[in-house]
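Start counting at 1 in the sequence shown, then tack on 3, and there's your number in the numbering used here.
From the three backbone atoms N, C-alpha and C, an ideal C-beta is built for every residue, glycine too.
Below is one structure, written out as structure tokens; comments come after it.
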Amino acid sequence: MQLFQQINDKQREGVAKVCDNFATICGATLVAGGFVDHKLAVWQALALVLSLIVFLAAALQLRKDEGGTDD
């Protein structure tokens with residue numbers, strides 16, 4: 004992606020970490036709100052799952068574009 008090519012490696016890793024953190028927040032909210040308290044509607048749970056997938060995909064794409072190893 005062109006946006007990812009305009010930032011350097013350290014910035015790319017920083018954005019990937021932020022995406023990881025957002026994905027973690029979505030997962031924790033899904034577990035706490037959906038399974039523990041049962042306070043999430045179905046559409047809210049689906050939105051959280053979709054957000055989790057999008058943030059994880061963005062983080063993986065950022066790290067894949069880096070050209071480094073997959074350690």
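Gln9 versus Leu65: straight-line alpha-carbon distance, rounded = 12 Å
Does Ser54 have its Cβ less than 8 Å from a Cβ in chain C?
-> Reference to chain C is not applicable here, since this structure consists of a single protein chain.
Who are the near neighbours of Cys22 in its chain, counting only those whose CB is closer than 6 Å to its CB and skipping five residues on each side?
-> Phe58, Ala61 and Ala62
Pull up the CB-CB distance for Leu33 and Val52, whole angstroms please, since I reckon it's below 8 Å.
-> 7 Å
Between Ala26 and Val39, what straight-line distance do the alpha-carbon atoms span, to the nearest angstrom?
-> 19 Å
Identify whether Lys42 lies in helix, strand or coil by the three-state DSSP scheme.
-> coil
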